[in-house]
Every structure is written in structure tokens, then in C-alpha cells.
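Notes for the one structure printed next.
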Amino acid sequence: MAPPYGIYALPMTRRKYDINTQEPEPSNREEWCSICYRPFHEKDDPSDVQEIPCQPIELQPCKHIIGSQCFARLIQANMDACQICRAKIALISDPVPQWLQYATSWSWYTLYCDYVPGHAVKVGKHDDYMRLSHRLFNDHITNTEGLQLWWHYMDSLSEWTRTVIKCGVLVKAAFALSALFVNTSYLELQMLRTLGFPSIPDSRLWALGIDFPLLLATIFFAGKYDLDHVVVGTALLFPFARVFVLAFTVKWFLVLLALNWMVYGVLTALLIWYGMKESEN
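So the number in my numbering is just where the residue sits in the sequence shown, counting from 1, plus 2.
Okay, here's the thing in C-alpha cells:
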């Protein structure tokens, strides 16, 4: 399950939709929110000062009426269709560039982001991460706070990168040692020969042909089935390290990890910047 305030969800919260606020006591309208089935303007617990009751809003162009809080949750979940008739809600503005939204919607990016809350707990900074994220999504943060939030994301990726480097070294050493016992450094090919494919040549390209689809399949299923991000991150470490060790020299392996870190950093910084800019507006 994706954690709350994943930075990739920020563009959705900055979109402006065509909705009309209804009068406090709408006549001849539904008196209950069609999503949460609570009466408009009423709290489940009147003594709860944190609870915000649903206010009636009319969606355009279908004109169905739902509660304001339910609408906000739908948008944050990237559900931009009326839940009654499934008509798309009219969009007035979408300030975050489409290319940035597309780039940050990839599983490559979202999996890294989903790892951040767990890392923040691990290093004892979860409260600070949640406070800054909440302010970015719902209020306004200063430049210093924006930089602090950005570093939460980068510190998490830095730990993941260090782990991948360690795994890469271990994988390379393990497959090199396997050559002492099975006369090949491509253990995956030897396993296929054992399973009944004796004619497979001892080739780096053949090994890549096995490991690269395995890596892609892991990424695909992780994004499709919303698996736990810690489980996914662990499952990705070994095929990721193996593919890069096979495909590149150690030098290029480190260069690509550095590029991965920098691209992720730029995309995250742009999302935070657009979030701060739109909060000011």
C-alpha cells in the first residue's frame, strides 16, 4: 500500500477542477454525501476538533453532488472521475508539466518514494518527514523546509544505493566463486543446463537474457499489485545488481548509480518546487 504524502501524488493535489460549492442548506438536493454516506456539515464525533465535515459540492459537467472531504481524498488517490456516473470531472488547470507527471509516475520513481517513510522511521526522523510532507500538501513550506524534505528523499535513496553497491560486490564475488565448483561464472546458465537445456552456450548475453526479464518482471508486478515497498526493494536488489554487473564494468556500474541518484534528485526537487510555487498562488 502506498504511504500517505508520496511526493509523486503532489501534481494531483495541485490540479484545479470545475466544482461548485453548494449552499449550506441545499434545497431539493441529496442531504447525504454519496461517497461516505455522512450527513453534510455533520461530524461523526462532534467533540473531535480535528475532524472536518463534508461540505456539498457539485461536480461538473455531470452535476452530481458529493462531499468536499471525499472529493479531496479521491483526487489525492488520482481518481478524477465521478464515482456515481464515472464521468470525468472537468479540469480547469494542471500546473505541473505533463512530462514531469509522466516521469514521476513510473514504477522506477514511485518505488523509491515509497521506501522513504520506512527509512525515516529507521533513522528516527519519521515525525519530521510527515510534518514537512503534510505542510507541503496542505499548507506552505519555506525554502529551508523544502530542502529538508528533499533530503529525506535523497537520504533514503543514498542508503538504497549503498546497499545495491554492496549487493553488486557480493553478487560478483559469489558468481566468481561458483566458477570454482561448476566451471562457469554464469550460474543461471548452469541451472538451465541442469534442467535439460545442455546446448546453452556460456555467454554473458545469454545470462543477461535471463536476468534482465526477471528484473523487468519484478518491477512490473510490484507496480501492478501494490506490494509492500520493503519487500519489493529487497526483491529488486539482487536482479538489479546482477544485471548491472553483467552489463557494465564496475566503473560504469557506479556511474549509472550516480546518474540514477541525480535524476531522482532533480525530479524530486522539481516536484517540491512546483508544490511550493502553487501553495504561494
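Beta carbons are placed, not taken as given, at the ideal position from N, Cα and C, and that holds for glycine.
Same chain, Cβ closer than 7 angstroms to residue i, five either side skipped, listed in chain order
i      : result
HIS136 : TYR7
PRO41  : GLU33, TRP34
C-beta atoms of residue i and residue j nearer than 9 angstroms
i      : j      : result
TRP152 : GLY267 : yes
ASP116 : ARG16  : no
ILE21  : GLU60  : yes
ALA178 : ASN80  : no
ALA243 : VAL173 : yes
CYS35  : PRO58  : yes
VAL245 : ASP204 : no
GLN71  : ILE54  : yes
GLN78  : PHE139 : yes
TRP208 : LEU191 : yes
LEU159 : TYR131 : no
ASP82  : TYR19  : yes
Rounded separation between residue i and residue j - CA only
i      : j      : result
GLY277 : LEU149 : 13 angstroms
MET264 : LEU258 : 10 angstroms
ALA260 : CYS56  : 46 angstroms
PHE183 : MET156 : 41 angstroms
MET14  : HIS43  : 25 angstroms
ARG206 : PHE250 : 11 angstroms
LEU217 : VAL98  : 31 angstroms
Expected contact under 8 angstroms - CB spacing of residue i and residue j to nearest Å
i      : j      : result
HIS128 : GLU161 : About 15 angstroms separates the two Cβ atoms, so there is no contact after all.
Where residue i falls, given that 16 or more other Cβ within 10 Å makes a residue buried
i      : result
PRO28  : For PRO28, the pLDDT reaches just 48, beneath the cut-off of 50, and the residue's location in the model is therefore unreliable, although a value from the coordinates is still provided. Its Cβ having fewer than 16 others within 10 Å, PRO28 is exposed.
LEU134 : buried
ARG88  : exposed
PRO200 : exposed
PRO119 : buried
LEU197 : exposed
PHE222 : exposed
THR23  : exposed
SER49  : exposed
VAL252 : exposed
VAL123 : exposed
HIS142 : exposed
THR146 : exposed
Contact set for residue i: own chain, Cβ-Cβ below 6 angstroms, skip 5 residues either direction
i      : result
GLN100 : none
Spatial neighbours of residue i in its chain, beta-carbon cut-off 8 angstroms, leaving aside the 5 residues before and after
i      : result
LEU269 : LEU102, ALA105, THR106, TYR111
PHE286 : With the chain running from 3 to 283 in the structure shown, residue 286 is simply not present.
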